[in-house]
Amino acid sequence: MISFTINDREVTGQEGWTILEVAKWHGIDIPTLCYHGAVEPYGACRLCVVEVDDGQQRRLVASCLHPVQEGLKVQTDSERVKNVRRWILQMMVDEHPGSQRIKELAKSYGVKESRFKSDRVEDLCILCGLCVRACDEVVGARAISLGNRGVRKEVATTHRLPSPECVACGTCLYVCPTGAMEQLFDRIRG
Amino acid sequence: MKNNEAKIGVFLCECGGKISSRIDLPAVGELLKYEPWAHLEISPYPCLAPGLEAMQAKVQEKGLNRILVGGCSSRVMKKKFAAALAPVGIHEYQVEMVNLKDHVAAVHEDSPQKLARKAAALLAGGMAGLRLLEPYEPVSVPFQGPVLIMGGGISGFAAARELARKGMESRLFSPARDPGQVLAQLPRTFPGSQLFSKELTELLREVFTSPLVKVLPDLPVEYVVGHVGDYRLGLRQSDGTVTEVTGSALILALDREFVPGDYEYIGGGERVCDLLEMEERLAQGEIEAGKVVFWVNSPEHGKAAQQFNAVAAWRNSLVLARNHPRVKPTVLYPANITLPLSGADLAEARGCGIALQSYAPEVHPVVQSGYLTYFSPQDHLEHELEWDNLVVSMVPGEPAAKTQELLRWLPVYSENGGRLRKTQLKLKPDQVADETIFLTGSAGELKDLNEVLRQGKKAAQGVLHLQEKAKRGALVSPVVVTIDQDLCEGCGLCTEICPCGGVEHVKPGSGPVPRHADSHLCSGGGTCAATCPYEAVKMLNNTAQQLEARLKAVLSRMQENEALGFICSWGGLGAADLAGVKGLSYPRGVYLIPVNCLGSIDPAIFSMAFVNGANSILLGGCTPTASCHYVYGVDHSWVRVNIMKKLLSLAGLERRRITMGYVDVNQPEAFVRMVESHLDGMHKLAPINRDEKTKTKLWAIHATLHRPRVRWVLGTSLRRPTEKEFPGEQVNAVDADETMLDVLREEFLASRILKAIHDQPLNPPQIAQSMDEPVKTITPMLTDMAKEGRVTIKSWEGGYPLYATGKP
Numbered sequence: 000m001i002s003f004t005i006n007d008r009e010v011t012g013q014e015g016w017t018i019l020e021v022a023k024w025h026g027i028d029i030p031t032l033c034y035h036g037a038v039e040p041y042g043a044c045r046l047c048v049v050e051v052d053d054g055q056q057r058r059l060v061a062s063c064l065h066p067v068q069e070g071l072k073v074q075t076d077s078e079r080v081k082n083v084r085r086w087i088l089q090m091m092v093d094e095h096p097g098s099q100r101i102k103e104l105a106k107s108y109g110v111k112e113s114r115f116k117s118d119r120v121e122d123l124c125i126l127c128g129l130c131v132r133a134c135d136e137v138v139g140a141r142a143i144s145l146g147n148r149g150v151r152k153e154v155a156t157t158h159r160l161p162s163p164e165c166v167a168c169g170t171c172l173y174v175c176p177t178g179a180m181e182q183l184f185d186r187i188r189g
Numbered sequence: 000m001k002n003n004e005a006k007i008g009v010f011l012c013e014c015g016g017k018i019s020s021r022i023d024l025p026a027v028g029e030l031l032k033y034e035p036w037a038h039l040e041i042s043p044y045p046c047l048a049p050g051l052e053a054m055q056a057k058v059q060e061k062g063l064n065r066i067l068v069g070g071c072s073s074r075v076m077k078k079k080f081a082a083a084l085a086p087v088g089i090h091e092y093q094v095e096m097v098n099l100k101d102h103v104a105a106v107h108e109d110s111p112q113k114l115a116r117k118a119a120a121l122l123a124g125g126m127a128g129l130r131l132l133e134p135y136e137p138v139s140v141p142f143q144g145p146v147l148i149m150g151g152g153i154s155g156f157a158a159a160r161e162l163a164r165k166g167m168e169s170r171l172f173s174p175a176r177d178p179g180q181v182l183a184q185l186p187r188t189f190p191g192s193q194l195f196s197k198e199l200t201e202l203l204r205e206v207f208t209s210p211l212v213k214v215l216p217d218l219p220v221e222y223v224v225g226h227v228g229d230y231r232l233g234l235r236q237s238d239g240t241v242t243e244v245t246g247s248a249l250i251l252a253l254d255r256e257f258v259p260g261d262y263e264y265i266g267g268g269e270r271v272c273d274l275l276e277m278e279e280r281l282a283q284g285e286i287e288a289g290k291v292v293f294w295v296n297s298p299e300h301g302k303a304a305q306q307f308n309a310v311a312a313w314r315n316s317l318v319l320a321r322n323h324p325r326v327k328p329t330v331l332y333p334a335n336i337t338l339p340l341s342g343a344d345l346a347e348a349r350g351c352g353i354a355l356q357s358y359a360p361e362v363h364p365v366v367q368s369g370y371l372t373y374f375s376p377q378d379h380l381e382h383e384l385e386w387d388n389l390v391v392s393m394v395p396g397e398p399a400a401k402t403q404e405l406l407r408w409l410p411v412y413s414e415n416g417g418r419l420r421k422t423q424l425k426l427k428p429d430q431v432a433d434e435t436i437f438l439t440g441s442a443g444e445l446k447d448l449n450e451v452l453r454q455g456k457k458a459a460q461g462v463l464h465l466q467e468k469a470k471r472g473a474l475v476s477p478v479v480v481t482i483d484q485d486l487c488e489g490c491g492l493c494t495e496i497c498p499c500g501g502v503e504h505v506k507p508g509s510g511p512v513p514r515h516a517d518s519h520l521c522s523g524g525g526t527c528a529a530t531c532p533y534e535a536v537k538m539l540n541n542t543a544q545q546l547e548a549r550l551k552a553v554l555s556r557m558q559e560n561e562a563l564g565f566i567c568s569w570g571g572l573g574a575a576d577l578a579g580v581k582g583l584s585y586p587r588g589v590y591l592i593p594v595n596c597l598g599s600i601d602p603a604i605f606s607m608a609f610v611n612g613a614n615s616i617l618l619g620g621c622t623p624t625a626s627c628h629y630v631y632g633v634d635h636s637w638v639r640v641n642i643m644k645k646l647l648s649l650a651g652l653e654r655r656r657i658t659m660g661y662v663d664v665n666q667p668e669a670f671v672r673m674v675e676s677h678l679d680g681m682h683k684l685a686p687i688n689r690d691e692k693t694k695t696k697l698w699a700i701h702a703t704l705h706r707p708r709v710r711w712v713l714g715t716s717l718r719r720p721t722e723k724e725f726p727g728e729q730v731n732a733v734d735a736d737e738t739m740l741d742v743l744r745e746e747f748l749a750s751r752i753l754k755a756i757h758d759q760p761l762n763p764p765q766i767a768q769s770m771d772e773p774v775k776t777i778t779p780m781l782t783d784m785a786k787e788g789r790v791t792i793k794s795w796e797g798g799y800p801l802y803a804t805g806k807p
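Residue numbers (numbering that gives the first Met the number 0), protein chains in the order written: chain A, 0 to 189; chain B, 0 to 807.
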C-alpha cells in the first residue's frame, strides 16, 4: 500500500497504479484527451499534467503515466499546472479551431483562439494516437498507424490505401476525443 | 466456471459523473432489489486500476462467477475487464456489459429517476442472460496425419517442400509424374516461367524425391468431408470405385490457365504468335535473328492480366536476349499499367538490349506488315516499331478444371469473371479461429509466379502453426457451434446457407444423416441456428433461450408505449454507442438489446417478444447489400421480419409493429433518425389490446414459427452464399411470396386449432366458435391434421367428432 496526497488529501494506491487513476477514483477531475481506460496510457496530449513534490524537487509530470510513490505530494490544480494547461490548450485551439471538445476545454480554462489560429477547421486530429492504440490493443487488427514524422505526422493506413485489416468495428470512432476519426473512417475501411 | 450456479456481481459505473449525474444509480440498485444478484455496487470507475482491484477482491470474497458491468461500450471495455479478472478465474464470456452511458445517460433528456427505470430494465435483461450461461471448456482438436494438397497448382509444390523441410507429411495430387511434366505444363498457367526453370526443377525434384511427400495421381474428386484435423477425400478410381484418403488439413493450390486470345484479325501467319507459342519456340531454339516485338494488348481483361502479360513478355524477352544475341526484343506495354519490374530488372534490360516501350492506351496500336504503329504517351506522336516477329498477349481463361469439383465441397466461391474467393469475414482477430482451409494460386487473384510460390509456402506455415497449436492443446475455436444429433433430421439447410462452410458436408448417397459443425470455420453469425427447422443448431452462449430470458426480463419492466430494439454488434451497436459519444439525443422509449448479428435472431424470438408484452420491435443492423459482417445475416433477418409481418397481419395486427432499419457505424445521426421514425410510427398505433382472443392469436403465431414446415419454407427462401442477388431476383417474387403466405396461413390456422383444443376436446362447431371463424374454414384443416396425427378424434358426440390434441 502506497500512501501519498493529492491536493492535500490522503490517498492510497498500489504498485503500478498511476496518479491519474487514483485521482479519478477519488473524484478529483483531471482533464485528458489522449487517455482512455481501454488502452495503455501514452502521454501525448500532456493535458493531464500535475505538479508533484517528492521532497526533493517540485516538477510537472503527466499524471496518466506517472506511477504513485510513497509520500508524494500531488497538486492537480496549482497555478503552475493551470498555466501549462492553458498553453497546451492555446496551441490546440489555434491548431484545431473546429473541434468542439477542445473549444469547451479551452473555455473552461479561459483560453480564447488567438490571431494565429489555423484556418483549417476540418483538421480535427490532435495526433494523440488513441485510435491507433485502440486498434492495436482492443481490436487487435492494427489497421492504422501514425505515418510520417514531425509536422507531417498523420493517422494513416499502409500505403494510404483502404486497409484490408480494418474490420470496420468503429472502435476508433468511439475513442477519438475530437471527432477527427469521422472523416478518416471511410478512407480507412475498404 | 466451476459450478453452474450463477453468482452474479453487478458493478454500476459512475464514470466520473457522466453516468451518475444522469441516472439515479442508487435508485437502479433499489429497482434491482429482487433480481438474482449476489453482489451489487456502485463504483466511481470500475475500469481503472483501483476499481479493477476492488472488483477482483469482490469476486474472491463472494465467489462471483459472472460479472455484469453497467458502464460504457462493451466493444471497447470488455477486453480490459476480462483481462483483469482472468487471474481470479473469470473468463471473457462470463463478463457482460450494459452500456448505460451511451444508450441511456448521454442520449435521453428525462429525469434521473426515469432513466434509472430504463437502466434497471436493461441490467435485469443482462442478468437474465448471464444466468443461463453454460460453461465453456475449450477442447483442442486432434491434428494428425498428412496435409492434403489439391488442385495441382504450382503453389502446392512450394507448400509440399516447406512442409517436408519442417518434417510434416503431405499428399500432393498432381497429374504430373515427374518435374519435367510439371514444367512442361507450367507456361499454360504462368507464361514466361521458363526463365526460372532451373530453380523450379530444383524445387520440384526436392518434392518428388522427398520421402515425406507422396505425389498421387489427380483423380476425380468424389467428395471432401470432415473438418480440420480429420479431412476425408473420396477419389474415383478408373474402375469406378471410390477410395478414401485422409488428412489433417487442406491446401487448395488452384491456378488459372492463360489461353490464346483472338488474334486472327492480325493475320501475319507464322510471324505472329502468342506468348505460349513463343515459349514453345524458345524451348526448341527455333528463333532466328531479327526484331521481336512483345505487344501487351487485350485491355478488356483488366490491368492485372496486362501486368501479368507484361512480366511474362519481359521474362521471355530476357531468355531470348540471353540465348540469341542477334534477336532484338522490344516489350510494348500500355502506359496505364505499372510495370512490375525492379530497378535491377530495368538495368538488366538495358544491358541485354531489351527495349521497354509504353504506348498511350487511349489509341489501340495498329498493325501493319512489318510495322506496329502506336502513340507515345510522352509526345502524343505516333511512332512506328519494326517487327519480324510479333508476339501478342494471352488472356486469362477459366480456373483449372479441378476447381469445379472442389467448389462443390468447400467454402470457396466463384465470383463474376471466375475469380475464386473464400468467405471474407471482417471480424476482430480474436473472434475467429485460425485459418484452416488454405487457398493459394492465381485462381484467387492474378499473381506473379514468385508471389504464388510464396503463397504456397505461407499456407504450409499456416498448417505448421495449426500442428504446433494442436501439440500444445490449444487448437480451439472462439466460437462453439454444436448440432444436436437427436434433433437434426439431416435436411442440409444449414450446410447450404452457411456462408463460412461451418457445417460439414456428408458423403453423396448417405441420405439424411445428422450433420456436424466445424467450429473452426464458424464465424458465430448464427443464421444457421435461426434457420434450422428442427432447432438443432446451437451456438454456445449465444442461444435463443438466453436471448428469450433476456427479453422477458426487459419486457416485464417496459411500458406500453415503449419499443424493443435489436441492434447488431457492428452497425447498430456502433452507431448507438457513437450517438452517446456525440451527445445526440433521442426519446427514451426504445430498449436496445445488442445481438451478435441480426441474422442470429430466431424468428420465434420476435413472436415470443410480442407474446410477452412487446408492442413494437425495431431492428437496426448493417447495410444488407454491403456491410454485413456475417455476409448475409442482415438480409436473412429481413426475410424473417417479413414473415413476422405476414403473421401479424394474419392475426389482425398492424404489420408496422416490427420494422427493420440499417445504419452505418459512422452514422449515429441516421441511427437517431431511425429510432425517432420508428417511435413516431409506433405512437400512431394503439398498444396491442391484450384480450383473450389476441393473446391466443399471438400464441398461435409463436407456435407457427416453431413449426418445422414453416421454418423450412422460410429457410429455403434465404440467400445462399453462392447467390449474389437477393432472393427477390427469383423468377416470380409475388408467386414465391404467396406460397410462403399459404404455408403461414395453414400453419397459423393449425396452431390456433391446437390452442383451442389444448385444454379440452371440442367438436368442429365449438372450435370454430372459439376461434371466431366459420366452420367450413376449419374442417378441411381438421381433416388434414387428423391424417397427420396432430389431432385425434377422441369420441363422437351428437354426430360430431370430438377433437383432441394428438402427438406433437
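Note that the Cβ used here is the ideal one computed from N, Cα and C, for glycine as well.
Close-in-space but distant-in-sequence residues of the same chain around residue i (CB under 6 Å, 5 per side omitted)
| i | result |
| --- | --- |
| LYS1 (chain B) | Only weak support exists for where LYS1 (chain B) lies, its pLDDT of 43 falling under 50; the value from the coordinates is given anyway. Within the same chain, LYS1 (chain B) has no close Cβ partners at all. |
| GLY612 (chain B) | LEU554 |
| GLU205 (chain B) | ARG160 |
Residue range of the beta strand (DSSP E) that includes residue i
| i | result |
| --- | --- |
| CYS168 (chain A) | Taken as a continuous stretch (DSSP letters only), CYS168 (chain A) belongs to no beta strand (DSSP E), as it is neither H nor E. |
| MET393 (chain B) | 393 to 398 |
Contacts around residue i, its chain only, beta-carbon distance under 7 Å, and the 5 residues preceding and following it disregarded
| i | result |
| --- | --- |
| ALA61 (chain A) | GLY42, ARG45, CYS47 and VAL48 |
| GLU164 (chain A) | ALA140, ARG141 and ALA142 |
| ASP517 (chain B) | HIS226, VAL227, GLY501 and GLU503 |
| VAL110 (chain A) | ARG85, LEU88, GLN89 and VAL92 |
| GLU108 (chain B) | SER584 |
Chain A within 7 Å of residue i, Cβ atoms only
| i | result |
| --- | --- |
| SER20 (chain B) | no |
| MET673 (chain B) | no |
| ASP429 (chain B) | yes |
| ALA528 (chain B) | no |
| ASN665 (chain B) | yes |
| ILE89 (chain B) | no |
| MET0 (chain B) | Bear in mind that a pLDDT of 43 at MET0 (chain B), under 50, signals an unreliable position, so the number given afterwards is only what the model happens to contain. It does not: the Cβ of MET0 (chain B) has no partner Cβ on chain A nearer than 7 Å. |
Extent of the continuous alpha helix (DSSP H) to which residue i belongs
| i | result |
| --- | --- |
| LEU331 (chain B) | It is not in any alpha helix (DSSP H) - LEU331 (chain B) instead sits in the beta strand (DSSP E) that spans 326 to 333. |
| ARG549 (chain B) | 543 to 554 |
| THR715 (chain B) | 707 to 715 |
DSSP three-state assignment for residue i, whether helix, strand or coil
| i | result |
| --- | --- |
| ASN2 (chain B) | Because ASN2 (chain B) carries a pLDDT of 48, less than 50, the predicted location of this residue cannot be relied on, and no value is offered for it. |
| VAL733 (chain B) | helix |
| THR624 (chain B) | coil |
| GLY301 (chain B) | coil |
| ASP76 (chain A) | coil |
CB contact below 7 Å: residue i versus chain B
| i | result |
| --- | --- |
| TYR41 (chain A) | no |
| PHE3 (chain A) | no |
| LYS102 (chain A) | no |
| LEU172 (chain A) | yes |
| VAL73 (chain A) | no |
Contact set for residue i: own chain, Cβ-Cβ below 8 Å, skip 5 residues either direction
| i | result |
| --- | --- |
| VAL790 (chain B) | ILE752, LEU753, ILE756, LEU781, MET784, TYR802, ALA803, THR804 and GLY805 |
| GLY166 (chain B) | LEU211 |
Taking 8 Å as the threshold, find out whether the segment 614 to 625 of chain B comes into contact with the segment 670 to 678 of chain B through three or more Cβ pairs. yes
For the segment 447 to 458 of chain B against the segment 322 to 336 of chain B, do three or more pairs of beta-carbon atoms, one drawn from each stretch, fall closer than 8 Å, so that the two count as touching? no
Three or more beta-carbon pairs under 8 Å between the segment 62 to 81 of chain B and the segment 168 to 175 of chain A, yes or no? yes
May I ask you to verify whether the segment 127 to 146 of chain B touches the segment 183 to 191 of chain B, counting CB pairs closer than 8 Å and requiring at least 3? no
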